[in-house]
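Worksheet: one structure, shown below.
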Amino acid sequence: MKIGIDKIGFYTPHLYVDMNKLAEARGVEPAKFTIGIGQSEMSVAPLTQDPVTLAANAALDMLDETDRAHIDMVLFGTESGIDHSKAAAVYVHRLLDLKPEARAVELKQACYGATAAIQLAKGHIALNPDSKVLVLASDIARYGLNTPGESTQGAGAVALIISANPRVLELDDETVYYTSDIMDFWRPVYSNTAYVDGKFSNEQYMAFFKQVWEQYKEKSNRSIHDMEAICFHMPYTKMGLKALRQILDEGNEADQQRLQDHYQTSTTYNRNVGNIYTGSLYLSLLSLLEQAENIQSGARIGMYSYGSGAVGEFFSGVLAEHFRENLYLDRHRELFAERKEISIAEYEEQFVKTLPTDGSTLELDITKDPASICVTGITEHMRQYTNKNK
Ligand code: HMG
233 MKIGIDKIGF YTPHLYVDMN KLAEARGVEP AKFTIGIGQS EMSVAPLTQD
283 PVTLAANAAL DMLDETDRAH IDMVLFGTES GIDHSKAAAV YVHRLLDLKP
333 EARAVELKQA CYGATAAIQL AKGHIALNPD SKVLVLASDI ARYGLNTPGE
383 STQGAGAVAL IISANPRVLE LDDETVYYTS DIMDFWRPVY SNTAYVDGKF
433 SNEQYMAFFK QVWEQYKEKS NRSIHDMEAI CFHMPYTKMG LKALRQILDE
483 GNEADQQRLQ DHYQTSTTYN RNVGNIYTGS LYLSLLSLLE QAENIQSGAR
533 IGMYSYGSGA VGEFFSGVLA EHFRENLYLD RHRELFAERK EISIAEYEEQ
583 FVKTLPTDGS TLELDITKDP ASICVTGITE HMRQYTNKNK
């Protein structure tokens with residue numbers, strides 16, 4: 233039985249900053265951010281968007297009645313959860329009107345959470361071929377104002393439906409993974425910004441890639457020639473390229489050209505959104521699928537997932553016959569076109585705003601947020617949500 237990605241949707245908040253302007257404000261050469269890091273724009277979440285609403289907005293428009301009838305599991309990958317106890321998946325389950333006969337769970341392992349969710353979903357579908365699993369990958373990346381990581385922040389979510397006979401990407405059986413307890417990036421429960429050893433995290437990302445790539449070749453008997461493209465977890469667009477360059481000499485000239493060209497295409501959305509942590513790999517897959525004109529059904533795509541701390545996984549999939557007809561290109565084009573640039577001063581003001589933590593009530597003005605699903609405020613420590621379409 234073929235199991236894989238049946239649908240893939242995306243959402244990012246409507247506000248962004250221009251990386252040239254951020255560089256100017258930080259007294260840095262703009263080319264460092266736009267070329268050295270490889271980011272052009274960075275999404276900024278207003279208080280009316282949190283990881284729950286981003287995920288719900290990513291899934292909302294792609295669900296039809298058949299999906300609603302068959303989704304019996306909601307797996308929410310995130311490292312910016314809003315509650316130590318209650319899973320973000322439960323809120324989304326309600327906001328999307330999913331049937332109650334379902335499991336709803338949150339998974340955490342830095343940027344690896346959604347990959348774990350997809351692999352668990354695959355096992356669930358193998359046992360229950362009529363089921364569909366909604367996998368949500370949603371994060372707001374925060375390193376802090378004026379920090380080295382600031383240029384690699386971002387906000388957004390990817391929603392995937394995993395099912396039998398998938399219409400976008402059929403996952404191969406061979407998948408390989410690797411875990412090692414390292415401190416390259418982490419966020420203690422008392423901190424709302426990440427701690428990171430930047431250089432070390434880059435080195436480990438590269439080393440884990442080499443590790444899982446070797447494991448994958450051995451397990452699958454495939455090589456670089458079998459990969460039409462490789463998508464990478466993308467904390468910033470230069471990072472995956474550095475990893476790819478480590479293995480390019482395993483291929484001939486045509487392989488090298490193809491993989492580098494597709495790599496560039498796979499950065500399209502990430503370059504304008506920033507790091508969305510666990511959704512970043514899937515945003516890069518989406519960029520490739522929606523933006524590459526020269527990619528055909530039957531082509532094999534390699535996927536490198538990395539979550540600091542750290543877990544890495546390499547897996548692959550084959551593009552389904554009519555994959556292009558099952559994408560939401562126009563919706564995503566519109567989403568980018570309707571974003572609004574904010575100044576660095578506005579971004580800084582936004583960055584320090586938080587919901588009250590003392591139990592008091594705050595009502596937010598959601599009229600300026602074009603999203604269907606928004607945070608409307610908080611009362612007695614309970615976040616309030618609305619779906620404007622209802
Ligand atoms: P930095 O140390 O300030 O930057 O921050 P740098 O000095 O290393 O410069 C970056 C690049 O810009 C270099 O290129 C420079 O040469 C170049 P490279 O040598 O690396 O190819 N550069 C220029 N290029 C053109 N024109 C110029 C210019 N000036 C410099 N004028 C760092 C970089 C990534 C360390 C920082 O942004 C950071 O700490 N980011 C957060 C950590 C991170 O993203 N790590 C990635 C791997 S870990 C991971 O992916 C997991 C993660 O997503 C978390 C999770 O799993 O949940 C982060």
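Note that the sequence shown ends on residue 622 in this note's numbering; no numbers are left out.
The beta-carbon is built from N, C-alpha and C at its ideal position, and this holds for glycine as well.
Computed from a predicted structure; not experimentally measured.
Which of the three DSSP states is assigned to residue i in this structure?
i: leucine 328; result: coil
i: threonine 347; result: helix
i: alanine 391; result: strand
i: glycine 259; result: coil
i: arginine 627; result: Because the chain here runs from 233 to 622, residue 627 falls outside it and cannot be looked at.
i: threonine 285; result: helix
i: threonine 266; result: helix
i: isoleucine 314; result: coil
i: isoleucine 456; result: helix
i: glycine 591; result: coil
i: glutamine 341; result: strand
i: glutamine 616; result: strand
i: serine 433; result: helix
i: glutamate 273; result: strand
i: methionine 294; result: coil
i: glycine 355; result: helix
i: alanine 334; result: coil
i: leucine 596; result: coil
i: leucine 247; result: strand
i: alanine 461; result: strand
i: methionine 535; result: strand
i: leucine 279; result: coil
i: lysine 239; result: strand
i: methionine 233; result: coil
Taking its Cβ as the centre, do 16 or more other Cβ atoms sit within 10 Å of residue i, making it buried, or is it exposed?
i: methionine 614; result: exposed
i: glutamine 436; result: buried
i: alanine 336; result: buried
i: alanine 358; result: exposed
i: lysine 600; result: exposed
i: asparagine 621; result: exposed
i: alanine 301; result: exposed
i: glycine 658; result: Coverage of the chain is limited to positions 233 through 622, which leaves residue 658 absent and any answer about it impossible.
i: alanine 348; result: buried
i: alanine 319; result: buried
i: aspartate 405; result: exposed
i: threonine 298; result: exposed
i: proline 278; result: buried
i: proline 588; result: exposed
i: threonine 593; result: exposed
i: proline 332; result: exposed
i: serine 309; result: Inspection of the sequence shows that residue 309 is occupied by glycine rather than by serine. Counting Cβ neighbours within 10 Å, glycine 309 comes out buried, since at least 16 surround it.
i: isoleucine 267; result: exposed
i: alanine 263; result: exposed
i: serine 529; result: exposed
i: glutamate 522; result: buried
i: glutamate 402; result: buried
i: valine 306; result: buried
i: tyrosine 197; result: Outside the displayed range of the chain (233 to 622) lies residue 197, so it cannot be described from this structure.
i: alanine 353; result: buried
i: aspartate 487; result: buried
i: asparagine 289; result: buried
i: alanine 569; result: exposed
i: histidine 246; result: buried
i: serine 317; result: exposed
What are the start and end residues of each continuous beta strand (DSSP E) run of 3 or more residues lying completely inside the stretch 539-585, in chain order? Counting whole runs of 3 or more residues, the stretch 539-585 contains the beta strand (DSSP E) stretches 543-551.
4 or more residues per run - each alpha helix (DSSP H) lying fully within the stretch 465-527: List check, alpha helix (DSSP H) in window: 469-477, 485-498, 502-505, 512-523.
Can at least three beta-carbon pairs, one atom from the stretch 564-577 and one from the stretch 359-374, be found at a separation below 8 Å? With a cut-off of 8 Å, the stretch 359-374 and the stretch 564-577 do not count as touching, because too few Cβ pairs lie within range.
Please list the segments of the beta strand (DSSP E) lying wholly inside the stretch 364-426, counting only runs of 3 or more residues, in order along the chain. Unbroken beta strand (DSSP E) stretches of 3 residues or longer found wholly inside the stretch 364-426: 364-373, 386-396, 401-411, given in chain order.
contact_flag[the stretch 236-256, the stretch 549-564] where n(CB pairs < 8 Å) is 3 or more: Yes, the stretch 236-256 touches the stretch 549-564.
Would you be able to state if there are at least three C-beta pairs under 8 Å between the stretch 246-265 and the stretch 444-453? Result no; under three Cβ-Cβ pairs closer than 8 Å.
Could you check whether the stretch 270-290 touches the stretch 319-338, counting it as contact only if at least three pairs of C-beta atoms, one from each stretch, sit closer than 8 Å? The stretch 270-290 vs the stretch 319-338: in contact.
Take every Cβ of the stretch 507-524, pair it with every Cβ of the stretch 459-467, and state whether three or more of those distances are shorter than 8 Å. Contact holds: three or more Cβ-Cβ distances are below 8 Å.
Using 8 Å as the Cβ pair cut-off and three pairs as the minimum, do the stretch 387-401 and the stretch 410-430 touch? Under the Cβ criterion (8 Å, minimum of three pairs), the stretch 387-401 does not count as touching the stretch 410-430.
Touch check for the stretch 353-367 and the stretch 376-389: three-plus C-beta pairs under 8 Å? At 8 Å Cβ cutoff, the stretches do not touch.
Check whether the stretch 431-448 and the stretch 478-485 touch, using three or more Cβ-Cβ pairs below 8 Å as the test. Between the stretch 431-448 and the stretch 478-485, the count of Cβ pairs shorter than 8 Å is three or higher; the stretches touch.
Are the stretch 499-514 and the stretch 266-274 in contact at 8 Å, needing three or more beta carbon pairs? Taking a contact to require three or more Cβ pairs closer than 8 Å, the stretch 499-514 and the stretch 266-274 qualify as touching.
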